[in-house]
Amino acid sequence: TLTRTSRPQRILKAVQRKATVGDPQSVITAIDHFCRHREWAMNVGDEKGSILDSVVNEVSPVTVLELGTYCGYSTVRIARLLPPGACVITLEFNPDYAAIARQVIKWSGLEDKVQLVEGASGDCIPWMKEHFGVQAFDLVFLDHWKERYLPDTKLLEECGLIQKGTVLLADNVICPGTPDYLEYVRNSPRYNSHYYRSHLEYTKAEDGLEKSVFLGY
Ligand SMILES: Nc1ncnc2c1ncn2[C@@H]1O[C@H](Cn2cc(CNC(=O)c3cc([N+](=O)[O-])cc(O)c3O)nn2)[C@@H](O)[C@H]1O
Ligand SMILES: [Mg+2]
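Under our numbering, the first residue of the sequence shown carries the number 355, and numbering increases by one thereafter.
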């Protein structure tokens, strides 16, 4: 059997060929160029990525949680905007993807701002507090399995990892769509939600990001 490379491996190759070590913007540009002109992949992309950037700059978070690392594209986007002392904890349960993401993050020179945890969100969230000494997250970026958005949000609430002022930013609320999550954050009196209309990465299809601020109990 031919050992074809995986898509994440081809994305890493594009980074190693086109991007400059220690230059996060060149890593982002290399992935976007590859995914727009060679092979689509489920990175948040450049259009929704600039909305992500603006929310990160607005929140200026000290601790960020990312659910669903994939190749590390949005991890790099977030980490490159963080001041010294701030960090992003990113969860990825697929070991092959995690291995690629570690190399992409290393290439960007941001490994000191990133903690990549291999494991399923449902298993890892409960021990976040004691393991990382995290009080609460300032920003949570949801980009993993769409049916996990709602249960993981409730789990984060139960674990006290979401507190007054925590901002949730969810990718793909239209495509592939997260209807139960949207209904929850939009109807709950404890969240103030806003929809940023955009497009599915590298396509003309509609998609968007939902930003939800926790108002406290
Ligand atoms: N409970 C989980 N805990 C930790 N990692 C997880 C979990 N579920 C999925 N992942 C990981 O997220 C990564 C990326 N991923 C994200 C999704 C869900 N996202 C999408 O399916 C998606 C799909 C499209 N799309 O189909 O157009 C566009 C997007 O922007 C998307 O995020 N599935 N895998 C994968 O490496 C997977 O191992
Ligand atoms: Mg996504």
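Beta carbons are placed, not taken as given, at the ideal position from N, Cα and C, and that holds for glycine.
In this text the structure is predicted, and so the values were computed from the model without any measurement.
Reduced DSSP category for residue i - H, G, I as helix; E, B as strand; rest coil
i: His498; result: coil
i: Cys425; result: coil
i: Leu509; result: helix
i: Asn546; result: strand
i: Arg434; result: coil
i: Arg551; result: strand
i: Val539; result: helix
i: Val416; result: coil
CB of residue i within 8 Å of CB of residue j, strictly
i: Glu564; j: Val527; result: yes
i: Tyr445; j: Ile459; result: Here residue 445 turns out to be Leu, not Tyr, going by the sequence shown. No, the Cβ-Cβ distance between Leu445 and Ile459 is not below 8 Å.
i: Asp386; j: Gly399; result: yes
i: Leu463; j: Pro530; result: Per the sequence shown, residue 463 should be read as Gly rather than Leu. No.
i: Leu419; j: Ile443; result: yes
i: Arg431; j: Glu393; result: no
i: Ala455; j: Thr423; result: yes
Ligand 2 heavy atom lying under 7 Å from the CB of residue i
i: Asn526; result: yes
i: Asp497; result: yes
i: Val442; result: no
i: Val430; result: no
i: Val409; result: no
i: Trp413; result: Here residue 413 turns out to be Val, not Trp, going by the sequence shown. Checking every heavy atom of ligand 2 against the Cβ of Val413, none is found closer than 7 Å.
i: Val494; result: no
i: Val458; result: no
Span of the alpha helix (DSSP H), counted from its first residue to its last, around residue i
i: Lys460; result: 449–462
i: Gln379; result: 378–391
i: Gln363; result: 361–372
i: Glu412; result: 399–413
i: Glu465; result: Note, Glu465: premise wrong, no alpha helix (DSSP H); not H, not E.
Range covered by the beta strand (DSSP E) that runs through residue i
i: Cys441; result: 441–446
i: Phe568; result: 560–568
i: Val375; result: Careful: Val375 lies outside any beta strand (DSSP E) and carries neither H nor E.
Residue burial classification, residue i (beta-carbon count within 10 angstroms, cutoff 16)
i: Trp481; result: exposed
i: His498; result: buried
i: Gly519; result: exposed
i: Asn541; result: exposed
i: Ser428; result: buried
i: Leu569; result: exposed
i: Ser414; result: exposed
i: Asp561; result: buried
Residue i CB to nearest heavy atom of ligand 1 below 7 Å
i: Pro480; result: no
i: Asp466; result: no
i: Leu421; result: yes
i: Pro530; result: yes
i: Gly426; result: no
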